[in-house]
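Take a look at the structure below.
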Ligand code: GLY
Ligand code: MN
Ligand code: MN
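Residue numbers (UniProt numbering): 1 to 443.
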């Protein structure tokens, strides 16, 4: 993308962000939007800080992700103002002065002490919608404490689901970061590396580490694939690496990618066939990401498709329909089909009924679904079906008297592989969906 095109995309994005802020302030009856970037948090009884995470409402305006103590102020009809904290400090790297294609759109005020922000904030805090964490309040009893008005948040969170062309460009770039990591991780797995070694290979190729990545890498060999959010990372390779599940992302200018792939080691043909079946089913699910489709329906259809695979591989003894109706499919697929993604890996407002509030309930029996909205152009969602062999859930099936629905010999054959998950990030458009992840791997 040329620098010129990128600047135009950003300018158009900012127009959308301003228009949304205008409407949100009108809904809440406020004159100014005030957004602290956030502050450092410290470990208890210690002077060590936790990794800083910027306020998502701040990075919605600016590609700044590592500038604690700064503020964004927007008053409808005026240029947005950035109050930028650049302390005099020889202990730490001081954020460099604002630069880049976005700077020309802001009035920028550099401050050297966090408290100096007060002088540049609107006079009357009561007329401000201040969005952020309580700890961002200026001075312990300062007037500028986040009030997070519900009407303002409801409006902004609901509309944030619809990505601007600039945001989609950022997410394509985040995908490129993650794909570099995934390729290196697969090579490391095939070379016999440990989970820890694979993780390091990922970070090196992605050129990102814990502070940059949008979530903690999930790197699983063998049975560890059955732990949905396994983040332990054994330092030693197992005697034999049979399977590899990696759920790892990337970030670009504050936007996330969230990708999962599963691999079988050479010679493990039955497990490879099951991966291929899940992969084919996952592609059909991705194709359901279309304008007007109820995301809940994709989740429910996924249960039927995955139960069909379990039946084809002889893991369950009942029909796919019966497995779904009796909850047996949930023992093998115990999470939601996915979630919205963007500024946050699990984006906000997954259940929002409208931009004025309200909640769309999850289907009965599906407590872990994170998104219940009807899809529309601009939304980006993950599609991440999985099949796992989890002792705890299989024991529960047995305890409930549903053990006859399962072929335990087949379970014993698959358990050493842990599980399968395949996850892509998919854009709903006016026509066919855009699969950011598949395009990223193809590029
Ligand atoms: N990486 C966490 C998730 O897929 O939601
Ligand atoms: Mn995900
Ligand atoms: Mn994931």
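Using N, Cα and C, we set each Cβ at its ideal position, and we do this for glycine too.
Tell whether a beta-carbon distance below 8 Å holds between residue 331 and residue 393. The answer is yes: Cβ separation under 8 Å.
With a Cβ-Cβ cutoff of 8 Å, do residue 420 and residue 275 count as a contact? The answer is yes: Cβ separation under 8 Å.
Rounded to whole angstroms, what is the Cα-Cα separation between residue 307 and residue 165? Rounded to whole angstroms, residue 307 to residue 165 spans 37 Å at the Cα level.
By a C-beta neighbour count over all protein chains shown, 10 Å radius and 16 as the cutoff for buried, is residue 244 buried or exposed? Counting C-beta atoms within 10 angstroms of its own C-beta, residue 244 has 16 or more neighbours from the protein chains shown and is therefore classed as buried.
Alpha-carbon spacing of residue 209 relative to residue 66, whole angstroms: Between the C-alpha atoms of residue 209 and residue 66 there is a straight-line separation of about 14 Å.
Are residue 304 and residue 324 close, meaning C-beta to C-beta below 8 Å? Residue 304 places its beta carbon less than 8 Å from that of residue 324.
Kindly examine ligand 3 and report whether one of its heavy atoms sits closer than 7 Å to the Cβ of residue 260. Residue 260 has its CB nearer than 7 Å to a heavy atom of ligand 3.
Would DSSP call residue 225 helix, strand or coil? Helix.
What do you get for residue 299, buried or exposed, if any count of 16 or more other CB atoms within 10 angstroms of its CB means buried? Answer is buried; the Cβ neighbour count reaches 16.
Residue burial classification, residue 110 (beta-carbon count within 10 angstroms, cutoff 16): Label assigned to residue 110: exposed.
Could you give the distance in angstroms between the alpha-carbon of residue 167 and the alpha-carbon of residue 395? A straight-line Cα-Cα distance of about 44 Å links residue 167 and residue 395.
Going straight from the alpha carbon of residue 380 to that of residue 37, what length do you get? Whole-angstrom Cα-Cα distance: 24 Å.
Residue 28 versus residue 100 - alpha carbon distance: If you take the alpha carbons of residue 28 and residue 100, they lie about 33 Å apart.
Helix, strand or coil at residue 374 according to DSSP, with G and I counted as helix: In the three-state DSSP reduction, residue 374 falls in the strand class (E or B).
Mind listing, in chain order, the continuous alpha helix (DSSP H) runs of no fewer than 4 residues lying wholly within the UniProt domain "Xaa-Pro dipeptidase N-terminal" (9-158)? Listed in chain order, they are 56-59.
What are the boundary residues of the beta strand (DSSP E) that residue 429 is part of? That residue, residue 429, is in no beta strand (DSSP E); it is neither H nor E in DSSP.
Who pairs with residue 218 in a beta bridge, going by DSSP? Per DSSP, 247.
Interface flag, residue 123 vs chain C, CB-CB below 8 Å: Here chain C cannot be found, since the structure has a single protein chain.
Helix, strand or coil, according to DSSP, for residue 298 in the structure here? Helix.
According to the neighbour-count rule (16 or more other Cβ atoms, all chains shown, within 10 Å of its Cβ), is residue 91 buried or exposed? With fewer than 16 other CB atoms across the displayed protein chains lying within 10 angstroms of its CB, residue 91 is exposed.
Residue 98 and residue 72 - do their beta-carbons sit closer together than 8 Å? The Cβ-Cβ distance between residue 72 and residue 98 does not fall below 8 Å.
Taking the beta strand (DSSP E) that residue 508 falls in, what are its first and last residues? Not covered by the structure: residue 508. The range shown for the chain is 1 to 443.
According to DSSP, residue 386 sits in a beta bridge with which residue or residues? BP columns for residue 386 point to 421.
Should residue 271 be labelled buried (16 or more other beta-carbon atoms within 10 Å of its own) or exposed? Flag for residue 271 reads buried.
With distance defined between alpha-carbon atoms, name the residue in 205, 391, 8, 399 nearest to residue 227. Looking at the Cα atoms, 391 is the closest of the given residues.
With a CB to CB cut of under 7 Å and the five nearest residues on each side skipped, what residues in its chain are close to residue 189? Taken in chain order, the residues that qualify are 198, 241, 244, 263.
When DSSP labels each residue in this structure, what does residue 308 get in the three-state scheme? It is helical.
Taking just the CA atoms, how far does residue 127 sit from residue 417? Distance between the alpha carbons of residue 417 and residue 127 is about 58 Å.
Grab me the residues of residue 102's own chain with a C-beta within less than 8 Å of its C-beta, minus the 5 sequence neighbours each way, in chain order. Correct list, in chain order: 10, 14, 62, 63.
Ordered along the chain, which non-local residues of its own chain (more than five positions away) have a Cβ less than 8 Å from that of residue 174? Only 214, 249, 250, 251, 252, 255, 256, 257 meet the Cβ criterion.
Relative to ligand 1, is the shortest distance from any of its heavy atoms to the C-beta of residue 155 smaller than 7 Å? At a cut-off of 7 Å, the beta-carbon of residue 155 does not count as near ligand 1: no heavy atom of the ligand is closer than that.
Please classify residue 398: does DSSP put it in a helix, a strand, or coil? Here residue 398 sits in helix by DSSP.
Just verifying my parser: in three-state terms, what is the DSSP assignment at residue 278? In this structure, DSSP gives residue 278 a helical state, which the three-state scheme calls helix.
Indicate the three-state DSSP secondary structure (helix, strand or coil) for residue 338 in the structure shown. In this structure, residue 338 counts as coil in the three-state DSSP scheme.
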